[in-house]
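A.B. asks: In the working numbering, the protein residues as written are -7 to 190. First the structure, then my questions, so here it is.
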């Protein structure tokens, strides 16, 4: 019995066996949640517990924690670029890209993981992935909408503001800070307009 087969056969609480690809995706899903919560400081042991596998198995599949973080981060960045790319092909790309980003931020873990990647961008590969994600959002918006550079900058900047508000769980704390309440009201109106509202 190979070590991978043994891992699949001895997992606690699992009624069915998973293929290697399915197990890899399960671990990456756990890694996205764990790194979204704890950033690069999270451990492979925490990821293993979240995925209900052993820590040595995580290391066997992904190598180092850095490699696991990079793969989880790259998946998140690719998802953002992929969703915006599809939206950019719609009849009204400006409206579609705004709506697509608002739908992306519904996945709080995705956005928090992206934020942690910006923080960890001293790592060259993570930094390259982070820069590409931001650059592609800008380029896609310019190419698809014919926007001016300043309009595209505003689109990316507004997206980053939304990321920060999601990461800080700002909407869950109304009344805590008058300035934040005002900012959230302004953002809600702007987001409504970006999504094609009246």
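Where is the CB? At the ideal position from N, CA and C, for every residue including glycine.
1) Could you spell out the range, first to last residue, of the alpha helix (DSSP H) harbouring residue 75?
2) Do you know offhand how far residue 68's Cα is from residue 60's?
3) Measuring only the C-alpha atoms, how far is residue 176 from residue 157?
4) Along the chain, where does the alpha helix (DSSP H) that runs through residue 84 open and close?
5) By the 10 Å Cβ neighbour count, where 16 or more other Cβ atoms means buried, how is residue 137 classified, buried or exposed?
6) Specify the secondary structure class of residue 10 as computed by DSSP and reduced to three states.
7) Residue 108: buried (16+ other C-beta within 10 angstroms of its C-beta) or exposed?
8) So, is residue 36 buried or exposed, given that buried needs 16 or more other C-beta atoms within 10 angstroms?
9) Measure the CB-CB distance between residue 105 and residue 42 and report whether it falls below 9 Å.
10) By alpha-carbon positions, which one of 17, 10, 128 and 114 ends up nearest to residue 75?
11) Helix, strand or coil: how does DSSP classify residue 160 here?
12) Name the residue from 155, 180, 10 and 23 whose alpha carbon lies nearest to the alpha carbon of residue 110.
13) Among 40, 122, 178 and 50, which residue has its Cα nearest to the Cα of residue 71?
14) Take the Cβ of residue 100 as the centre, count every other Cβ of all protein chains shown within 10 Å, and call the residue buried at 16 or more, exposed below.
15) What are the uninterrupted segments assigned as alpha helix (DSSP H) that are 4 or more residues long and contained completely in the segment 99 to 166, given in chain order?
16) Looking at C-alpha atoms only, which residue of 88, 12 and 77 is the closest neighbour of residue 49?
17) Quick one: give me the first and last residue of the alpha helix (DSSP H) that residue 42 is part of.
18) Give every residue of the same chain whose Cβ lies closer than 8 Å to the Cβ of residue 118, excluding the five residues on either side of it in the sequence, and list them in chain order.
19) Helix, strand or coil for residue 169? Go by DSSP, reduced to three states.
20) I need the DSSP call for residue 97, collapsed to helix, strand or coil.
C.D. replies: Reading off the structure:
1) Here the alpha helix (DSSP H) through residue 75 covers 57 to 80.
2) When rounded, the separation of the alpha-carbon atoms in residue 68 and residue 60 is 12 Å.
3) A direct Cα-Cα distance of roughly 8 Å separates residue 176 from residue 157.
4) Segment: none, residue 84 is in no alpha helix (DSSP H) and carries neither H nor E.
5) It is buried - the Cβ of residue 137 has at least 16 other Cβ atoms within 10 Å.
6) In the displayed model, residue 10 falls within coil according to three-state DSSP, outside both helix and strand.
7) The residue is buried, with at least 16 neighbouring Cβ atoms inside 10 Å.
8) Classification for residue 36: buried.
9) No, the Cβ-Cβ distance between residue 105 and residue 42 is not below 9 Å.
10) Nearest of 17, 10, 128 and 114 to residue 75, Cα basis: 128.
11) Coil, per DSSP.
12) Comparing alpha-carbon positions, the option among 155, 180, 10 and 23 lying closest to residue 110 turns out to be 155.
13) Nearest option by C-alpha distance: 122.
14) Looking at its Cβ environment, which holds fewer than 16 other Cβ atoms inside 10 Å, residue 100 is exposed.
15) Counting whole runs of 4 or more residues, the segment 99 to 166 contains the alpha helix (DSSP H) stretches 100 to 111, 116 to 137 and 141 to 159.
16) Distances from the alpha-carbon of residue 49 to those of 88, 12 and 77 put 12 closest.
17) Counting along the chain, the unbroken alpha helix (DSSP H) around residue 42 starts and ends at 36 to 43.
18) In chain order, 61, 62, 65, 109 and 112 place their CB closer than 8 Å to the CB of residue 118, counting only its own chain and leaving out the 5 sequence neighbours on each side.
19) Coil, per DSSP.
20) Of the three classes helix, strand and coil, the one that applies to residue 97 here is coil, per DSSP.
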